[in-house]
Amino acid sequence: MNPAPLQLHRGKSGPGRLDPATIVEPTPERMAPVRETALPTTAAHPPLFAVLGAHGGAGASTLARWWAPAADTGLAWPGSPRTTQRVIVAARLCMPGLTAAAERLREWHAGYAPDGVTVIGLALTAARPGSVPAMVRRFRSVVAELVEQVYDIGWHDELVCLDLADLAQYSPFAPAPQRRRKSRLTETVPLDVYRAGADIISRIAASHPAAQKDSEDQS
């Protein structure tokens with residue numbers, strides 16, 4: 062497998078963005094579609110961010126269920142400004158998954174995602190139990206240069222026996238799962254999912270104009 066070259070010089074084209082002139086964008090037939098309709102509101106409040114699957118089977122629906130403040134945007138960029146356009150790209154931690162993730166990230170950096178879209182992280186879900194092959198780890202380190210934050214989600218056997226609606230959910234005010242207690246996924250989210258959700262919410266809160274002003278006032 063020969064992934065497209067990644068040119069990684071930081072520019073000033075927006076939060077977390079690389080200089081589009083340094084990016085080799087995917088070919089048109091490899092670009093993601095755009096969702097023109099607003100994201101669904103399935104909880105008490107509109108979603109704070111969207112989970113975009115870089116490929117089929119990326120785990121986007123599971124992650125969007127686990128993170129209560131999220132919405133599943135499938136394989137499409139969220140193009141409607143009526144709901145959030147903050148995006149977590151989801152992919153499997155394998156060579157095809159990483160290649161697809163790199164395409165979505167390069168597409169965004171090159172300016173081909175809809176106006177208003179901001180990629181705030183990459184969630185990589187284990188493709189199998191056990192260790193990650195060295196070749197995959199090396200390619201992961203390359204793809205990680207295309208995004209501000211990478212969230213690693215492990216393999217959870219119980220998922221194969223549960224429907225999405227059965228899964229517990231992370232919310233910003235939920236207590237962290239206990240380290241030493243093995244809970245069912247119907248009772249609480251895994252610790253790696255909790256930590257990723259908490260970090261995402263923290264980053265979103267820190268990017269709010271009021272939080273940025275408070276930080277400037279204190280500096």
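Here my numbering = 1-based position in the sequence shown + 61.
Glycine residues also receive a C-beta, built at the ideal position from the N, C-alpha and C atoms.
DSSP-derived helix/strand/coil call for residue i
i, result
"residue 38", "Residue 38 is absent from the structure shown; the chain starts at 62 and stops at 280."
"residue 252", "helix"
"residue 186", "strand"
"residue 84", "coil"
"residue 143", "coil"
"residue 159", "helix"
"residue 96", "strand"
Close Cβ partners of residue i (< 8 angstroms) along its chain, the five nearest in sequence each way excluded
i, result
"residue 225", "122, 123, 126"
"residue 77", "179, 180, 181, 208, 209"
Contacting residues, own chain, Cβ-Cβ under 6 angstroms from residue i (five flanking each side not counted)
i, result
"residue 171", "81, 84, 86"
"residue 213", "185"
"residue 274", "For residue 274, the pLDDT reaches just 48, beneath the cut-off of 50, and the residue's location in the model is therefore unreliable, although a value from the coordinates is still provided. Closer than 6 angstroms at Cβ, skipping near neighbours: no residue."
"residue 200", "159"
"residue 164", "87, 91"
"residue 99", "141, 143, 144"
"residue 262", "233"
"residue 169", "180"
Boundaries of the alpha helix (DSSP H) in which residue i is found, first to last residue
i, result
"residue 123", "121–127"
Host beta strand (DSSP E) of residue i (start-end)
i, result
"residue 172", "Residue 172 -> no beta strand (DSSP E), and no H or E assigned at all."
"residue 154", "147–154"
"residue 132", "131–133"
Proximity below 8 angstroms, CB of residue i to CB of residue j
i, j, result
"residue 93", "residue 110", "no"
"residue 215", "residue 253", "yes"
"residue 155", "residue 188", "yes"
"residue 137", "residue 150", "no"
"residue 96", "residue 139", "yes"
"residue 237", "residue 255", "yes"
"residue 133", "residue 112", "yes"
"residue 115", "residue 152", "yes"
"residue 180", "residue 211", "no"
"residue 246", "residue 220", "yes"
"residue 38", "residue 119", "In the structure as shown, the chain starts at 62 and stops at 280, and residue 38 therefore has no counterpart that could be examined."
Cβ neighbours of residue i in the same chain (closer than 7 angstroms, five flanking residues each side left out)
i, result
"residue 227", "247"
Practice task
Counting only runs of 4+ residues fully inside the stretch 191–227, write out the alpha helix (DSSP H) ranges in chain order.
Solution key: 195–204, all fully within the stretch 191–227.
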